[in-house]
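Last residue of the sequence shown: 320 in my numbering, with the numbers rising by one and none dropped.
Everything on this sheet refers to the single structure shown next.
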Amino acid sequence: MSIPYPVCFWLYLIFLIPSVLCSLFCLYHFLVDRILRNALHNHFIILILAFGTFLNLTDLIWFIDFYRTGHVSVFTRVFCFTWTYIDYAVYVVITLLVAWGAIERHVLVFHYNLLRTRKAHFFLHYLPIFMVTIYPFVYYAIIYFILPCEPILDHTQVDCGVATCAGNIGALSIWDSLAHNVVPICMIAIFSLALLARVWYSKYRVSQRMQWKNYRKMTVQLVSITGIYLIIVFPSMVLYTMDTVGMLDPSAYDFYNISYYCSYFTTLLNPFVCVIALPELRSKLQRVFQFCSLRRCVRSNRVSPIGHRTVAIVNTAE
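Listed below in structure tokens is the structure:
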């Protein structure tokens with residue numbers, strides 16, 4: 003049994019608003035703070051937040067409107083292909099960025115001496131990020147705008163049914179499944195857990211006691227990222243791969259649709275993971291809440307004039 007459209011609508015909407023606000027908050031501080039902005043390990047996080055915000059403000063809003071009305075509101079060929087292109091390309095960009103971030107952290111933690119020169123920065127940091135960012139846009143532009151594809155547009159389906167173009171050619175559908183789903187998710191899990199294991203091993207190897215507080219931030223970040231992509235995306239990845247190779251049982255399609263729907267919660271939850279994992283952002287967010295609470299407190303104790311007299315409004319919270 004699939005999730006009813008009203009439930010899909012409210013779940014996305016409830017998470018979308020705080021997610022966008024949190025993402026904008028994180029991006030603002032990442033870009034304004036020079037130390038955070040220049041740190042190499044933050045660059046892929048900045049891109050993930052930027053692309054995630056763009057996806058939430060386009061793709062997710064179109065999903066929400068579809069679940070609200072039960073059909074595609076702007077039912078034109080241009081919109082349907084644009085929706086599908088953004089849906090696939092941007093989502094894969096985010097997944098590949100997370101996978102590359104899991105790999106790059108091994109270099110940043112254990113082999114930072116390899117990044118001493120500008121040339122090393124370019125080839126080991128900026129070039130890989132540029133490639134994993136550009137590649138999905140080029141690939142899906144070829145799939146949806148260059149290769150011949152004439153799907154039967156259906157206004158009662160998500161993205162009007164244009165997504166079938168990615169599976170029309172058997173070899174490309176298998177590549178799409180492996181290169182954009184299976185391999186990145188496995189890399190995220192393997193390299194994130196391997197980094198944690200290497201840190202623990204390096205501490206014990208030099209006969210030093212493991213200090214939890216020194217590695218709490220990294221551990222929370224690893225567990226959060228790995229947990230999101232394993233718990234939320236892994237089921238969809240497995241079922242999508244089985245469907246690509248023709249091994250998915252028809253009775254499992256409802257569960258496949260549910261897992262596909264839940265996979266978009268990765269972009270909705272990523273901003274909260276960033277705030278939790280980075281003490282700098284967490285402390286700034288706490289100061290924002292404290293400032294707002296202080297303003298409400300001052301406002302509740304203000305003196306309000308009534309007629310020709312002034313009456314002090316006493317705070318009764320005590």
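Backbone N, C-alpha and C fix where the C-beta goes; we use that ideal spot for every residue, glycine too.
Just the Cα atoms here: how many angstroms apart are residue i and residue j?
i	j	result
P6	F257	13 angstroms
R79	F267	27 angstroms
M122	I144	The amino acid occupying residue 122 in the given sequence is Ala; Met does not appear at that position. If you take the alpha carbons of A122 and I144, they lie about 32 angstroms apart.
C276	G54	12 angstroms
Y146	F81	12 angstroms
M239	L180	9 angstroms
I88	L198	34 angstroms
Y114	Y128	15 angstroms
I131	F46	7 angstroms
Look up residue i in the DSSP assignment and say whether it is helix, strand or coil.
i	result
S75	coil
C82	helix
C264	helix
V305	Any reading at V305 must be qualified, since the residue scores a pLDDT of 46, below 50, and its modelled position is unreliable; no value is offered.
D251	coil
I187	helix
H182	helix
E106	helix
C151	coil
S4	coil
T119	coil
T166	helix
D256	helix
T97	helix
D245	helix
T337	An answer regarding residue 337 cannot be provided, because it is not within the stretch 3 to 320 covered by the chain.
T158	coil
H322	Residue 322 falls outside the range modelled here, since the chain spans only 3 to 320, and no answer is possible.
Check whether the Cβ of residue i lies closer than 8 angstroms to any heavy atom of the ligand SAM, and answer yes or no.
i	result
V74	This structure lacks the ligand SAM, and indeed carries no ligand of any kind.
Could you check whether residue j and residue i sit closer than 9 angstroms to each other, using their CB atoms as the reference points?
i	j	result
S204	V235	no
I176	V109	no
R200	V111	yes
W85	C10	no
L13	L117	no
I230	N272	yes
F274	S21	yes
Y263	N183	no
F134	L174	Per the sequence shown, the amino acid found at residue 134 is Val instead of Phe. Their beta carbons are not under 9 angstroms apart, which means V134 does not touch L174 by this criterion.
P344	Y90	This structure does not reach residue 344, given that the chain is present from 3 up to 320, and the question cannot be answered.
L23	I66	no
Counting only runs of 3+ residues fully inside the region 24-70, write out the beta strand (DSSP E) ranges in chain order.
-> none
Please confirm if the region 36-55 is in contact with the region 89-96, defined as three or more CB-CB distances below 8 angstroms between the two stretches.
-> yes
Validate contact between the region 55-62 and the region 106-123 using beta carbons, cut 8 angstroms, 3 pairs = no
Evaluate contact between the region 180-195 and the region 96-111, counting only Cβ atoms and requiring at least three cross-stretch pairs below 8 angstroms.
-> yes
Cβ contact check for the region 26-36 and the region 68-78: 3 or more pairs under 8 angstroms = no
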